[in-house]
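The next block holds one structure in the form of structure tokens; read it before the comments.
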Amino acid sequence: MSRTQGEELVGRQAEMALLSRTVDAVLTGSGGSSVMLRGEAGIGKTALLTWVRLQARERGFDVLGAVGAMAEAELAFGALHQIVWPLLERSSTLPHRQRHALECALGLGAGTPPAGVMLGEAALALLAEMARTRPLLVTVDDLHWVDTSSAAVFEFLHRRIGELPVMMVGAGRDDRAPAGGWASRVVPVEALEPEAATSLLRRRHPGLSAADTARVLEEARGNPLALLELPARRVSDPSDGLAPAPAHTPLSGRLERLFTDRITSLSREAARVMLLTALGGVHGAGSWHRAVPDSEAEAVISELEGSGLAHLAADGTLSFRHPLVRSAVISMASPREQRHAHKTLATSLAPDDPRRVVHESLAAVLPDASLARRLEEAARRLSLRGGDAEGAVLMDRAAALSTEADSHTGRLVWAAVMAARGGRLAHTAKLVNQLRQRPVPADFAPLFAYAVVYVDQSHHIDFESSFLLLPEALDALTRAPEERFGELAEQIYFKLLLAATYTDDPRAWRALSRHADHVSPLARLCHRAWSDPARTAHGVRLELDAMTAGMDAEQEAGAAWLLLWTASAVDAADETLWRRFTGQHAYATQGSVAKARYYQDYLRGRWENARNCLQEAKAAEDLGYHCNALLFRHYYAHFLAGRGDEEGLRDLEALIRPRAERARMCFVTDHLTHLRGLVALAHGRVADAYDLLVQLTPAGDLRRGLPWFHLPFFDFVEAAVRTGRMNEARAHIAAGRSACMPEISPHHAFLLAAATALGADDSEADACYRAAYAVEGAEDWVFTMARLRLAHGSWLRRRRRTEAEGVLRLAHEAFQRLGAEPWSRRCEEELAARESEPLASRAGRGTLTGQERRIAELAGKGLTNKEIGTLLQLSPRTVASHLYSIFPKLGITSRAGLAEALNES
């Protein structure tokens, strides 16, 4: 490590060690990995990226990098362009569809690009091709300024590099970097410890007096950039450099002001070069020479490098000393200077370059119909490429430059919709509030209704406008001679279906039925899947498979939400589906994918991902998607309930139930009731469990208002059996058979078979258990399968069957892996009982006294010792003594087995 490197990285041993271990893991064939460095401005993130890039090169890596820039945050795929551009010569090895997706996203090809997943796959294929001969490091600095579309592709890549010798390292500010799972490991880069801060200051400023050293250390608060720059300002202005800043001033603002004096002292030519570079992003860094005559270029560069603000790289591009220099340059420039710089940048770009029209719009002062039209066209092109968030910004500017009121309003409506789809819901809410204050042209009313409902559903968690506005919007679109808004009718239908499913409001269901003939076969299938599954969802999975098999990538992109929601209804959202949509760029699609994925993680036993739900909830909250945040926490509640974490579930329910109740989201509140029943089952409170579950699904009644009726189906039967309600259990099983549950999905089939085993007569039970194991895909449903094995193992043990131990151990291993401790303990109790069975008298089975039988029956129904004592006029201690005698006579170890043991006896 060079002396300079060592000085920059004083006090960063822990971070360097982690990065070094990650490099080692890639080199030793452990697969790819990703890390994100997060911290405040000037804390040393860029220095760590520089260090790891140097280390990787020295150890044989190829290195690619991108830097987010404020000037390019609105340019779709700008950061991805920096990563992929050096690899384009390898794109000839890609399949045509992937190459086409890449070229369209980068603006190198014409036409509508395929679905976002194809772009992600293309970028991944390029990285894989490059990594065939040498490991690869990809770094992304200033993630907080990376455009939304590139960030989504980077997220796709980090999820898929696990099998490749590829390492990704990103860096972003604490308050701005993406929070939704960009990296497998997030590393906070914090202030230097006092000793390290002192060491760095003395190395770089050895002549500083003791008094000034103390003041710098106090002011810098361990921030390396402040430690390096504050003394420099002291030299230039002894009266001001070390004056303490107000405590409320953010450190980034104070650091930015450290560069003010040097920027102010620049010559006019040098200042113009700095502003062009700051506003032009990557393009500006390479076209700085347009601002000065060739004869003055050398002198200007010498001046800039001498100031310590920027330096000229080997490839001719100009780089700032720190990102805060860029923001300081822009903030110090007057509006006129900025407009002039944008005009210069615009003229340096080709007419068809999307950046040109952006710079032209920022240089404009007065409304311009032609420029507004070109901005609108650019916004639509960005949206087609997956850049809804960036397209919204351009559409907003197009509205501001419009010369006619209707055009202005229409473009604002489009900007609101694009912003919502692109993850900028707070901006959509702001635009909707503006639009409410003015008349909306009649032909834009359906689109405006969609924007209003988008905000109300996602931001305010309010579904009333869905029932008032969307049916009218569908009516209007149905009457229209042609579809002006692309797939708007389909999207409105989906939003109304969401509202219906979440609230079970009859107004929504009626409107959906009325318009079913006016939407696509996929939309009708989604409606069937959710409206009354016990009677309408038969065959949905097979039809869905047939539809998706015939879709091209463009059709998949437009139908993403419908496909995901339909698949979720029949628990068919699997890895194949994730591969289709993980690369979709808009947050709205990514949020839908994440919700479906975590629900499937719960069902399929991938419980190690549980806490990611909370990360996604925080990310959604930060973006203003409060409904998504509520739903992510609701899915996290499933993991808590499965693990028997009663306290955790209670705390989480207190957080989300009130909001769900205010929104009348029975989808959430009913789930929470079900989960409370599941926790009661885990802890052996079977009577409580039955009382909760019967509220949702009375015996033999698969009611319409519970679209996920199959989820509590097995739980209800178990609670009924364990409380001695065999008639109720068998009535529910009969209802499941009558509903032909196996024709809905493999999961439905397994749950019915498992419930049938629990409620079977003694002579048929073993065969029924084995039939449940044999259902196609039964092993996919890890938690339910483990519970089925526990019930079967218990049944076998009580009959002293030798295979009981093997079945119980399989269940125990699954519960241990899932972290479901109460269920694990039940397995351990059963295994312990089996080991002690030779010492227990089983001849006494069935010889309970009358008093013992009465006590056992009441305890089997969930009554406490005190309640039993009150009914039978016994003391609780006497009841406990009787139970102590009852358990060995029945061959059980706890109250949980009483009901079933009594039925057998």
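Numbering (my numbering), first residue to last: 1 to 905.
Here a beta-carbon is modelled for each residue, glycine too, at the ideal position from N, C-alpha and C.
The beta carbon of leucine 614 sits closer than 8 Å to those of Phe632, Arg633 and Tyr636, all from its chain and outside the five residues before and after it, given in chain order. A straight line joining the alpha-carbon of valine 10 with that of methionine 16 spans about 10 Å. In its chain, beyond the 5 residues on either side, Leu525 have a beta carbon closer than 7 Å to the beta carbon of glutamate 543.
Inclusion of arginine 326 and serine 361 in the CB contact set at 7 Å is not warranted, their separation being larger than that value.
Nearest neighbour of valine 417 by Cα position, chosen from Ser302, Val721, Gln338 and Asp456, turns out to be Asp456.
If you draw a straight line from the Cα of leucine 890 to the Cα of glutamate 718, it comes to about 19 Å. Taking histidine 205 as the centre and dropping the five residues before and after it, the same chain places the C-beta of Pro231 closer than 6 Å to its C-beta, in chain order. Secondary structure note for proline 188: its beta strand (DSSP E) is the uninterrupted segment 185 to 188. Ala901 is the residue among Ala573, Ala901 and Ala760 whose C-alpha sits nearest the C-alpha of threonine 723. Setting aside the 5 residues that flank it on each side, alanine 328 is surrounded in the same chain by Glu256, Phe259, Thr260 and Ile263, each with a C-beta closer than 7 Å to its C-beta; the list follows chain order. Remark: C-beta atoms of serine 568 and alanine 546 do not approach each other more closely than 7 Å.
Proximity of the stretch 513 to 528 to the stretch 674 to 693 falls short of the contact definition, fewer than three beta-carbon pairs being nearer than 8 Å. In the same chain as lysine 866, and ignoring 5 residues on each side of it, the C-beta atoms closer than 6 Å to its own belong to Pro876, in chain order.
Excluding sequence positions up to five before and after alanine 489, its CB lies within less than 6 Å of the CB of Leu477, all in the same chain and listed in chain order. DSSP links phenylalanine 716 through a beta bridge to no other residue. Judged by their CB atoms, threonine 403 and proline 367 are nearer to each other than the 7 Å cut-off. Every unbroken stretch of the alpha helix (DSSP H) spanning 4 or more residues and falling wholly within the stretch 454 to 516 is given here in chain order: 464 to 479, 488 to 503 and 506 to 514. The alpha-carbon separation between alanine 610 and serine 265 amounts to approximately 55 Å. According to the DSSP secondary-structure assignment, glycine 170 is paired through a beta bridge with Met36 and Val140. Only buried fits aspartate 715, as 16 or more other CB atoms lie within 10 angstroms of its CB. Shown here, serine 319 sits in a strand according to DSSP, grouped into three states. Comparing alpha-carbon positions, the option among Ala687, Glu728, Leu678 and Ala529 lying closest to glycine 700 turns out to be Glu728. Of the candidates Met36, Trp781, Met726 and Thr317, Met726 places its Cα closest to the Cα of glycine 759. Contact between leucine 858 and leucine 871 holds: their C-beta atoms lie close to 7 Å from each other, under 8 Å. By DSSP's assignment, alanine 66 forms a beta bridge with Val140.
Distance check between valine 432 and each of Ser20, Pro441, Val452 and Val186 places Val452 closest, using alpha-carbon atoms only. The continuous alpha helix (DSSP H) containing histidine 812 extends over residues 804 to 818.
Its Cα nearest to that of alanine 778, the residue His747 stands out among His747, Leu498 and Cys666. Ranking Leu102, Ala151, Ala41 and Val84 by CA distance to the CA of glycine 68 puts Ala151 first. Residue pairing for leucine 312: DSSP places it in a beta bridge opposite Leu318. For threonine 893, there is no enclosing alpha helix (DSSP H), as DSSP marks it with neither H nor E. Threonine 46 has its alpha-carbon roughly 54 Å from the corresponding atom of histidine 518. Glycine 207 is positioned such that its CB atom lies no closer than 7 Å to that of valine 153. DSSP places aspartate 212 in the uninterrupted alpha helix (DSSP H) bounded by 210 to 220.
For proline 521, the enclosing alpha helix (DSSP H) stretches over residues 521 to 531. For the 7 Å CB-CB criterion, threonine 22 and methionine 167 form a contact.
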